[in-house]
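What follows is a single structure, written as structure tokens, with notes after it.
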Amino acid sequence: LSHSWGIQGHSFATTLQNMQQRKQHIAASPLLQTFKDAVIFTRWLGIRYLWSDSLCIIQEDTQGWGRESSAMVDIYENSHFTLALTKASCDADGLF
């Protein structure tokens with residue numbers, strides 16, 4: 001999932017503080033509309049996993065982010081497809 005965080009940033013990003021909890025479970029209710037729509041869309045297609053840098057890379061870990069973000073080319077290259085939200089101004093806009 002490629003998306004714009006918007007001017008205010010992303011309050012649901014993975015951080016060092018919530019990383020362990022995120023490894024166990026990501027609750028759907030606090031997700032912004034973009035993520036809810038992306039989950040619905042990928043499940044509709046029968047795809048089990050959805051990758052997004054804001055959730056899958058620890059955002060405040062500069063060294064780790066540099067390492068992980070450089071692997072994004074492989075992630076996108078090996079994905080079924082990339083869902084790119086080019087018209088949405090922020091994560092609250094959704095896909096539809």
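Numbering follows full-length UniProt numbering, with no gaps: position 31 of the sequence shown is 31. Glycine is no exception: its CB is placed at the ideal position from the N, C-alpha and C atoms. Quantities reported herein were computed from a predicted structural model and do not represent experimental measurements.
Practice item. On a CA-only basis, which of Thr14, Glu60 and Phe35 is nearest Tyr49? Give me that one, please. Key: Sequence index remark: in the sequence shown, residue 49 carries index 49 (1-based). The shortest C-alpha separation from Tyr49 is found at Phe35.
**Prompt:** For the alpha helix (DSSP H) that contains Gly66, what are its first and last residues?
**Reply:** Against the sequence shown, residue 66 aligns to sequence position 66. Where Gly66 is concerned, the enclosing alpha helix (DSSP H) stretches over Thr62 to Ser70.
Are the CB atoms of Ile26 and Trp51 within a distance shorter than 7 Å? On the sequence shown, position 51 is the one that residue 51 refers to. On the sequence shown, position 26 is the one that residue 26 refers to. Taking 7 Å as the Cβ cut-off, Trp51 and Ile26 do not qualify as a contacting pair.
Nearest-angstrom beta carbon gap, Asp53 and Gly94 [assumed within contact, 8 Å]:
Translated into the one-based positions of the sequence shown, residue 94 becomes position 94. Translated into the one-based positions of the sequence shown, residue 53 becomes position 53. So it is not a contact: roughly 18 Å between Cβ atoms.
What does DSSP give as the partner residue(s) for Ser2 in the beta ladder? Stepping through the sequence shown from its first residue, residue 2 is reached at position 2. Answer is Ala84, bridged to Ser2.
Rounded straight-line distance, which links the Cα of Lys87 to that of Cys56 | The count along the sequence shown starts at 1 and reaches residue 56 at position 56. The count along the sequence shown starts at 1 and reaches residue 87 at position 87. If I take the Cα positions, the gap works out to 23 Å.
My guess is that Ser4 and Ser89 are in contact by the Cβ rule of under 8 Å, so how many angstroms apart are they, rounded?
Here residue 4 refers to the residue found at position 4 when the sequence shown is read from its first residue. Here residue 89 refers to the residue found at position 89 when the sequence shown is read from its first residue. Ser4 to Ser89, Cβ: 6 Å. Contact.
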